[in-house]
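Some notes on the structure that comes next.
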Amino acid sequence: MALACTVFGQELYVNTEPASNMAAGSLGIRLENQGFFKPTYKNRSTLEAMYGLSGKVMVHGAAYLSNFYQNSQRFEGGSFYAKYRFLSFDDVQTHFRGAVFGKASLITNPYVMQEISLEGDNTGLQSGLIFTQLLHKFAISGSASYLRGFDNLGNNHAQITGAKDALAYSLSAGLLVLPKIYRNYNQVNVNIYAEVLGKTNPGYNQSYLDIAPAVQLIFNSVCRLDLSYRTPIYNNMQRNSANMYLLRFEYNFFNL
2 MALACTVFGQ ELYVNTEPAS NMAAGSLGIR LENQGFFKPT YKNRSTLEAM YGLSGKVMVH
62 GAAYLSNFYQ NSQRFEGGSF YAKYRFLSFD DVQTHFRGAV FGKASLITNP YVMQEISLEG
122 DNTGLQSGLI FTQLLHKFAI SGSASYLRGF DNLGNNHAQI TGAKDALAYS LSAGLLVLPK
182 IYRNYNQVNV NIYAEVLGKT NPGYNQSYLD IAPAVQLIFN SVCRLDLSYR TPIYNNMQRN
242 SANMYLLRFE YNFFNL
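Mapping the sequence shown onto my numbering, position 51 (from 1) lands on 52, and the numbers just tick up by one.
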(Lines of atoms letter the chains of each structure in order from A and count residues from 1; the text may use other names and numbers.)
(Lines give C-alpha, C1' and ligand atoms only; values in the text may rest on other atoms or scores of the structure.)
Protein backbone atom coordinates (compact mmCIF):
# COMPACT_ATOMS: atom_id res chain seq x y z
CA MET A 1 0.00 0.00 0.00
CA ALA A 2 1.92 3.01 -1.27
CA LEU A 3 0.04 5.50 0.88
CA ALA A 4 0.52 3.71 4.19
CA CYS A 5 2.99 6.32 5.42
CA THR A 6 0.21 8.95 5.27
CA VAL A 7 -2.74 6.89 6.45
CA PHE A 8 -0.86 5.57 9.47
CA GLY A 9 1.49 8.53 9.92
CA GLN A 10 0.82 8.73 13.64
CA GLU A 11 2.76 5.48 14.16
CA LEU A 12 5.84 6.66 12.26
CA TYR A 13 7.55 7.31 15.57
CA VAL A 14 10.61 9.53 15.68
CA ASN A 15 12.80 7.81 18.30
CA THR A 16 11.50 4.24 18.00
CA GLU A 17 10.22 1.79 15.38
CA PRO A 18 6.59 0.56 15.24
CA ALA A 19 5.57 -3.05 14.72
CA SER A 20 4.24 -2.10 11.27
CA ASN A 21 6.49 -2.25 8.20
CA MET A 22 7.06 -0.30 5.04
CA ALA A 23 5.12 -1.39 1.98
CA ALA A 24 6.71 -4.25 0.03
CA GLY A 25 9.07 -3.02 -2.68
CA SER A 26 9.43 0.46 -1.18
CA LEU A 27 12.72 2.21 -0.41
CA GLY A 28 13.25 4.91 2.20
CA ILE A 29 16.31 7.15 2.53
CA ARG A 30 16.95 8.99 5.80
CA LEU A 31 19.40 11.78 6.60
CA GLU A 32 19.56 12.43 10.33
CA ASN A 33 21.48 14.69 12.69
CA GLN A 34 21.58 14.32 16.49
CA GLY A 35 23.58 16.27 19.00
CA PHE A 36 23.95 17.96 22.37
CA PHE A 37 25.07 21.46 23.34
CA LYS A 38 26.74 20.96 26.74
CA PRO A 39 29.53 20.89 27.83
CA THR A 40 30.41 21.61 24.17
CA TYR A 41 28.41 21.20 20.99
CA LYS A 42 28.79 17.72 19.49
CA ASN A 43 26.74 16.07 16.75
CA ARG A 44 26.32 12.84 14.81
CA SER A 45 25.02 12.46 11.26
CA THR A 46 23.43 9.23 10.05
CA LEU A 47 22.69 8.09 6.51
CA GLU A 48 20.16 5.26 6.53
CA ALA A 49 18.44 3.22 3.82
CA MET A 50 15.30 1.13 4.49
CA TYR A 51 13.68 -1.43 2.21
CA GLY A 52 10.45 -3.42 2.43
CA LEU A 53 11.31 -6.96 1.37
CA SER A 54 7.69 -8.05 1.83
CA GLY A 55 4.63 -7.06 3.80
CA LYS A 56 6.13 -8.76 6.85
CA VAL A 57 9.87 -8.10 6.52
CA MET A 58 11.88 -4.88 6.25
CA VAL A 59 15.60 -4.14 6.59
CA HIS A 60 17.70 -1.06 7.37
CA GLY A 61 21.36 -0.22 6.80
CA ALA A 62 22.98 2.82 8.42
CA ALA A 63 26.37 4.60 8.43
CA TYR A 64 27.50 7.02 11.18
CA LEU A 65 29.70 10.13 11.22
CA SER A 66 30.36 12.23 14.34
CA ASN A 67 32.76 14.21 16.51
CA PHE A 68 31.47 12.72 19.78
CA TYR A 69 34.86 11.19 20.67
CA GLN A 70 37.27 13.65 19.00
CA ASN A 71 37.35 17.26 17.81
CA SER A 72 36.67 16.59 14.12
CA GLN A 73 34.00 14.61 12.30
CA ARG A 74 34.95 11.09 11.27
CA PHE A 75 33.34 7.88 10.05
CA GLU A 76 32.39 5.65 13.01
CA GLY A 77 30.99 2.49 11.42
CA GLY A 78 27.63 1.06 10.50
CA SER A 79 24.69 -1.07 11.54
CA PHE A 80 22.13 -3.46 10.05
CA TYR A 81 18.54 -3.83 11.29
CA ALA A 82 15.81 -6.32 10.34
CA LYS A 83 12.20 -6.58 11.51
CA TYR A 84 9.64 -9.35 11.03
CA ARG A 85 5.93 -8.70 11.66
CA PHE A 86 4.47 -11.94 13.04
CA LEU A 87 1.11 -10.67 14.30
CA SER A 88 -1.58 -8.54 12.67
CA PHE A 89 -5.23 -7.94 13.57
CA ASP A 90 -6.62 -5.39 11.11
CA ASP A 91 -9.95 -3.58 10.99
CA VAL A 92 -11.24 -0.27 9.59
CA GLN A 93 -8.84 2.49 10.79
CA THR A 94 -7.54 0.24 13.53
CA HIS A 95 -5.03 -2.55 13.89
CA PHE A 96 -2.87 -4.35 16.43
CA ARG A 97 0.52 -5.63 15.32
CA GLY A 98 3.49 -7.44 16.80
CA ALA A 99 7.03 -7.73 15.45
CA VAL A 100 10.41 -9.13 16.39
CA PHE A 101 13.59 -7.28 15.43
CA GLY A 102 17.34 -7.70 15.45
CA LYS A 103 20.22 -5.27 15.04
CA ALA A 104 23.98 -5.62 14.64
CA SER A 105 26.62 -2.88 14.58
CA LEU A 106 30.36 -2.55 13.93
CA ILE A 107 31.83 0.63 15.42
CA THR A 108 35.38 2.03 15.70
CA ASN A 109 34.94 4.47 18.62
CA PRO A 110 36.66 4.26 22.03
CA TYR A 111 34.60 2.24 24.51
CA VAL A 112 34.16 4.85 27.26
CA MET A 113 30.43 5.34 27.90
CA GLN A 114 28.32 3.23 30.26
CA GLU A 115 25.38 3.08 27.83
CA ILE A 116 25.46 0.30 25.24
CA SER A 117 24.21 2.04 22.11
CA LEU A 118 24.36 0.54 18.61
CA GLU A 119 23.72 3.91 16.91
CA GLY A 120 27.38 4.81 16.43
CA ASP A 121 28.78 4.21 19.92
CA ASN A 122 29.21 0.46 20.36
CA THR A 123 29.79 -2.74 18.47
CA GLY A 124 27.09 -5.18 19.51
CA LEU A 125 23.89 -7.12 18.97
CA GLN A 126 20.30 -6.33 19.91
CA SER A 127 17.03 -8.26 19.69
CA GLY A 128 13.55 -7.52 20.94
CA LEU A 129 9.78 -7.29 20.53
CA ILE A 130 7.47 -4.45 19.50
CA PHE A 131 3.68 -4.22 19.82
CA THR A 132 1.68 -1.37 18.24
CA GLN A 133 -2.01 -0.45 18.50
CA LEU A 134 -3.59 1.98 16.04
CA LEU A 135 -6.97 3.52 16.96
CA HIS A 136 -8.07 5.92 14.21
CA LYS A 137 -5.85 9.01 14.70
CA PHE A 138 -4.04 7.73 17.78
CA ALA A 139 -1.34 5.05 18.00
CA ILE A 140 0.53 3.61 20.96
CA SER A 141 3.52 1.29 20.85
CA GLY A 142 5.78 -0.47 23.33
CA SER A 143 9.07 -2.30 22.93
CA ALA A 144 11.52 -4.30 25.01
CA SER A 145 14.92 -5.58 23.92
CA TYR A 146 18.22 -7.07 25.06
CA LEU A 147 21.61 -5.67 24.01
CA ARG A 148 25.03 -7.29 24.13
CA GLY A 149 28.10 -5.10 23.70
CA PHE A 150 31.46 -6.30 22.36
CA ASP A 151 34.88 -4.74 21.93
CA ASN A 152 34.81 -1.97 19.36
CA LEU A 153 36.92 -2.19 16.21
CA GLY A 154 40.43 -0.79 16.18
CA ASN A 155 41.55 -2.47 19.41
CA ASN A 156 39.05 -0.41 21.43
CA HIS A 157 38.30 -2.77 24.29
CA ALA A 158 35.30 -2.67 26.60
CA GLN A 159 36.08 -1.64 30.16
CA ILE A 160 36.91 -4.65 32.32
CA THR A 161 34.55 -3.45 35.04
CA GLY A 162 31.94 -2.15 32.60
CA ALA A 163 28.55 -3.60 31.72
CA LYS A 164 28.38 -5.82 28.63
CA ASP A 165 24.61 -6.41 28.76
CA ALA A 166 21.67 -4.02 28.78
CA LEU A 167 17.88 -3.99 28.70
CA ALA A 168 16.11 -1.31 26.66
CA TYR A 169 12.43 -0.40 26.79
CA SER A 170 10.16 2.25 25.31
CA LEU A 171 6.57 3.47 25.25
CA SER A 172 5.52 5.73 22.39
CA ALA A 173 2.28 7.53 21.58
CA GLY A 174 1.41 9.44 18.42
CA LEU A 175 -1.56 11.58 17.40
CA LEU A 176 -2.49 12.85 13.94
CA VAL A 177 -3.56 16.48 14.47
CA LEU A 178 -3.76 17.71 10.86
CA PRO A 179 -5.53 17.49 8.52
CA LYS A 180 -8.81 17.29 10.38
CA ILE A 181 -10.52 15.90 7.26
CA TYR A 182 -8.76 14.08 4.41
CA ARG A 183 -9.46 15.49 0.97
CA ASN A 184 -6.44 14.14 -0.89
CA TYR A 185 -3.08 12.53 -0.18
CA ASN A 186 -1.19 15.71 -1.05
CA GLN A 187 -2.31 17.35 2.18
CA VAL A 188 0.41 17.95 4.76
CA ASN A 189 0.15 15.65 7.76
CA VAL A 190 1.12 16.94 11.20
CA ASN A 191 1.73 14.35 13.91
CA ILE A 192 2.77 14.92 17.51
CA TYR A 193 4.48 12.34 19.71
CA ALA A 194 5.46 11.63 23.27
CA GLU A 195 8.00 8.85 23.74
CA VAL A 196 9.45 7.41 26.94
CA LEU A 197 12.86 5.79 26.41
CA GLY A 198 14.74 3.76 29.00
CA LYS A 199 17.73 1.50 29.45
CA THR A 200 19.23 -0.49 32.34
CA ASN A 201 22.57 -2.22 32.85
CA PRO A 202 21.61 -5.13 35.15
CA GLY A 203 23.82 -5.50 38.21
CA TYR A 204 25.57 -2.13 37.79
CA ASN A 205 23.05 0.33 39.27
CA GLN A 206 23.09 2.17 35.93
CA SER A 207 19.84 3.19 34.27
CA TYR A 208 17.96 6.09 32.74
CA LEU A 209 14.47 7.09 31.68
CA ASP A 210 13.97 9.90 29.14
CA ILE A 211 10.95 11.75 27.82
CA ALA A 212 11.13 12.71 24.14
CA PRO A 213 8.36 14.92 22.70
CA ALA A 214 8.42 15.22 18.91
CA VAL A 215 6.65 16.79 15.96
CA GLN A 216 6.49 15.36 12.45
CA LEU A 217 5.45 16.76 9.07
CA ILE A 218 4.62 14.48 6.12
CA PHE A 219 4.55 16.02 2.62
CA ASN A 220 2.87 14.56 -0.49
CA SER A 221 2.70 11.12 1.18
CA VAL A 222 6.38 10.47 0.37
CA CYS A 223 8.63 12.63 2.54
CA ARG A 224 8.73 13.50 6.22
CA LEU A 225 10.51 15.91 8.53
CA ASP A 226 11.03 14.97 12.20
CA LEU A 227 12.12 17.08 15.14
CA SER A 228 12.56 15.77 18.67
CA TYR A 229 14.36 16.58 21.92
CA ARG A 230 14.91 14.05 24.70
CA THR A 231 15.58 14.95 28.32
CA PRO A 232 16.06 12.73 31.37
CA ILE A 233 13.30 11.98 33.84
CA TYR A 234 15.91 9.96 35.72
CA ASN A 235 19.55 9.36 34.87
CA ASN A 236 22.27 7.34 36.55
CA MET A 237 24.34 6.43 33.50
CA GLN A 238 27.23 8.07 31.65
CA ARG A 239 26.08 8.44 28.04
CA ASN A 240 25.89 10.67 24.97
CA SER A 241 22.12 10.41 24.51
CA ALA A 242 21.01 12.60 27.45
CA ASN A 243 19.61 16.03 26.47
CA MET A 244 19.91 15.31 22.76
CA TYR A 245 18.06 16.84 19.82
CA LEU A 246 17.14 14.89 16.69
CA LEU A 247 16.48 16.33 13.23
CA ARG A 248 15.63 13.95 10.38
CA PHE A 249 14.55 14.13 6.74
CA GLU A 250 13.20 11.02 5.01
CA TYR A 251 12.13 10.39 1.42
CA ASN A 252 10.28 7.25 0.26
CA PHE A 253 10.16 5.62 -3.17
CA PHE A 254 7.20 3.24 -3.68
CA ASN A 255 6.54 0.32 -6.02
CA LEU A 256 10.15 -0.19 -7.06
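The C-beta atom is built at its ideal place from N, Cα and C for all residues, glycine as well.
- Helix, strand or coil: how does DSSP classify glutamine 134 here? strand
- Query: In three-state DSSP terms, what is glutamine 71?
  - Reply: coil
- Message: Within a Cβ cutoff of 8 Å, which residues of the same chain sit near arginine 240, ignoring the five residues on either side of it in sequence?
- Response: By the criterion of a C-beta distance shorter than 8 Å, arginine 240 is surrounded in its chain by Met114, Gln115, Glu116, Ser118 and Tyr209, once the five residues flanking it on both sides are discounted.
- Task: Let me know if alanine 100 comes out buried or exposed under the rule of 16 or more other beta-carbons within 10 Å of its beta-carbon.
- Result: Result: buried.
- Query: What are the uninterrupted segments assigned as beta strand (DSSP E) that are 3 or more residues long and contained completely in the stretch 166 to 237, given in chain order?
  - Reply: 166 to 179, 190 to 202, 207 to 220 and 224 to 236
- Message: With H, G and I counted as helix, E and B as strand and the rest as coil, what does DSSP make of glutamate 120?
- Response: coil
- Message: I need the straight-line Cα distance from phenylalanine 255 to glutamine 207, nearest angstrom please.
- Response: 43 Å
- What number of angstroms, rounded off, separates the C-alpha of valine 15 from the C-alpha of alanine 50? For valine 15 and alanine 50, the gap between their C-alpha atoms comes out near 16 Å.
- Item | For glutamine 258, the three-state DSSP class (helix, strand or coil) | What the structure shows of the chain is the stretch from 2 to 257, and residue 258 is not part of that stretch, so it cannot be assessed.
- Task: Using the DSSP secondary-structure output, state which residues sit across from glutamine 127 in a beta bridge.
- Result: Lys104 and Leu148
- Message: According to DSSP, phenylalanine 250 sits in a beta bridge with which residue or residues?
- Response: Leu32 and Leu226
- Message: Give me the residue from Asn68, Ala140, Val189 and Lys138 with the minimum Cα distance to asparagine 221.
- Response: Ranking Asn68, Ala140, Val189 and Lys138 by Cα distance to asparagine 221 puts Val189 first.
- Exposed or buried, what is arginine 231 when buried is set at 16 or more other beta-carbons lying within 10 Å of its beta-carbon? buried
- Query: Going by Cα to Cα distance, which pick from Gly103, Pro40 and Tyr186 is closest to asparagine 244?
  - Reply: Pro40
- Task: Can you tell me which of Pro180, Ala213, Arg31 and Ile182 puts its alpha carbon nearest to the alpha carbon of tyrosine 194?
- Result: Ala213
- Sequence-distant residues of the same chain with beta carbon closer than 6 Å to alanine 215, five excluded per side: Val15, Tyr194 and Ser229
- Are the beta-carbon atoms belonging to glycine 56 and alanine 83 less than 7 Å from one another? no
- Query: Taking glycine 204 as the reference, which of Gln217, Glu196, Leu226 and Met238 has the closest Cα?
  - Reply: Met238
- Task: Pull up the CB-CB distance for serine 27 and asparagine 253, whole angstroms please, since I reckon it's below 8 Å.
- Result: Confirmed, about 6 Å.
- Message: How far does the beta strand (DSSP E) with lysine 45 in it extend, from its first residue to its last?
- Response: In the sequence as displayed, the identity of residue 45 is arginine instead of lysine. Counting along the chain, the beta strand (DSSP E) containing arginine 45 begins and ends at 43 to 53.
- Message: I'd like to know whether the C-beta atoms of glycine 103 and glycine 125 end up nearer to each other than 7 Å.
- Response: no
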